[in-house]
Amino acid sequence: QSALTQPASMSGSPGQSITISCTGTNIDLGRYNLVTWYQQFPGKVPKVIIYEDVQRPSGVSDRFSASKSGNTASLTISGLQAEDEADYYCCTYGGSAIFWIFGGGTKLTVL
Amino acid sequence: QVQLQESGPGLVNPSQTLSLTCTVSGGSINDGAYWWTWIRQFPGKGLEWLGYIYYSGTAFYNPSLRSRLAMSIDTSNNQFSLMVRSVTAADTAMYHCARAFYKNGVVVISFEIWGQGTMVTVSS
């Protein structure tokens, strides 16, 4: 099965807002409300920052928000901070023929 | 809080079988609210879901790898395991075990707690 498509890298200045996209198909991302976004710092394990497309776990900054339209999910980070510099991965369930697939990851650089 | 710790060989010869174990502490693997998961991360950063197993022993695998994977669960020791048969260099990766939340006993939502991972290199 194909991975979800994310931009390999993005950058932004402190205080800006940035949106990372994640594109799938109508049999995976577009069919289920099960997109998860993970944040991963170097040498650390991925951490859930968004689940069920738009839900934010307790303890995650409200500067992180998400949306979905059709086969594309988006993660928006507002008020960009240096501490947001990390890799971001999307992930979704794709039914019993695929199960779980990840995006290739987006390396976010804060200038 | 719940912690997961992977263990296994760091180096495996090509064509051999890789065996990994994940020990769960701070919580019971018998908890029906979770599926116990294996995910690997390649040196180039990409993530791949391998499969998960329920406390009952029911397991689901990545369809593209199903023929080479086997998972088991040991509730008495709070451990679950992964075997990967006929490994090649393409199986070189960091292998993580993780806990997946099973919402209302209906649907897995996310991989919410991860072990630190164990690096596996396939080479002769």
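Taken in sequence, the protein lines are chains A and B. Position one of the first sequence corresponds to residue 1 (the numbering used here), numbered consecutively onward. Position one of the second sequence corresponds to residue 1001 (the numbering used here), numbered consecutively onward. Think of the CB as a built atom: it goes at the ideal place given N, C-alpha and C, for glycine as much as any other residue. Every value quoted in this text rests on a predicted model; they were computed, and no experiment measured them.
B:Gly1008: contacting residues in chain A (beta-carbon distance under 8 Å): Per Cβ cutoff of 8 Å: no residues; B:Gly1008 is ~17 Å from chain A at best.
Residue from B:Thr1075, B:Val1122, B:Ser1124 with nearest C-alpha to B:Gly1032: Ranking B:Thr1075, B:Val1122, B:Ser1124 by Cα distance to B:Gly1032 puts B:Thr1075 first.
Interface partners of A:Glu85 on chain B, CB under 7 Å: In chain B, no part has a C-beta under 7 Å from the C-beta of A:Glu85; the shortest such distance is about 15 Å.
Closer than 8 Å to chain D by CB, B:Phe1060: No chain D is part of this structure, whose protein chains are labelled A and B.
Cβ pair B:Ala1098, B:Phe1080 closer than 8 Å: It is not a contact, given that the beta carbons lie outside the stated cut-off.
Inter-residue CB distance, B:Trp1038 and B:Leu1050 (contact presumed, cutoff 8 Å): 4 Å
For B:Arg1085, three-class secondary structure by DSSP: coil
Straight-line gap, A:Thr42 to B:Asn1013 (C-alpha atoms, nearest Å): Per the sequence presented here, residue 42 of chain A reads as Pro, with Thr not at that position. In a straight line, the C-alpha of A:Pro42 is about 28 Å away from that of B:Asn1013.
N- and C-terminal bounds of the beta strand (DSSP E) containing A:Lys107: Taken as a continuous stretch (DSSP letters only), the beta strand (DSSP E) holding A:Lys107 covers 106-110.
Close Cβ partners of A:Ile50 (< 7 Å) along its chain, the five nearest in sequence each way excluded: Thr36, Trp37, Arg56, Phe64, Ala66, Leu75
Contact with chain B by A:Ala97, beta-carbon distance below 8 Å: Chain B contact via Cβ: present.
Under 8 Å between C-beta atoms of B:Arg1085 and B:Arg1066: no
CB contact below 8 Å: A:Thr92 versus chain B: no
Residue of B:Leu1082, B:Val1107, B:Gly1105, B:Ser1124 minimising C-alpha distance to B:Arg1040: B:Leu1082
Under 8 Å by beta carbon: chain B residues contacting A:Thr36: Ile1109, Ser1110, Phe1111
Extent of the continuous beta strand (DSSP E) to which A:Asp87 belongs: Here the beta strand (DSSP E) through A:Asp87 covers 86-93.
Contact set between the stretch 44-73 of chain A and chain B, restricted to residues whose Cβ is under 7 Å from the partner: Val45, Pro46, Val48, Tyr51, Glu52
Cβ pair A:Pro117, A:Leu108 closer than 8 Å: The first residue shown for chain A is 1 and the last is 111, placing residue 117 of chain A beyond what the model contains.
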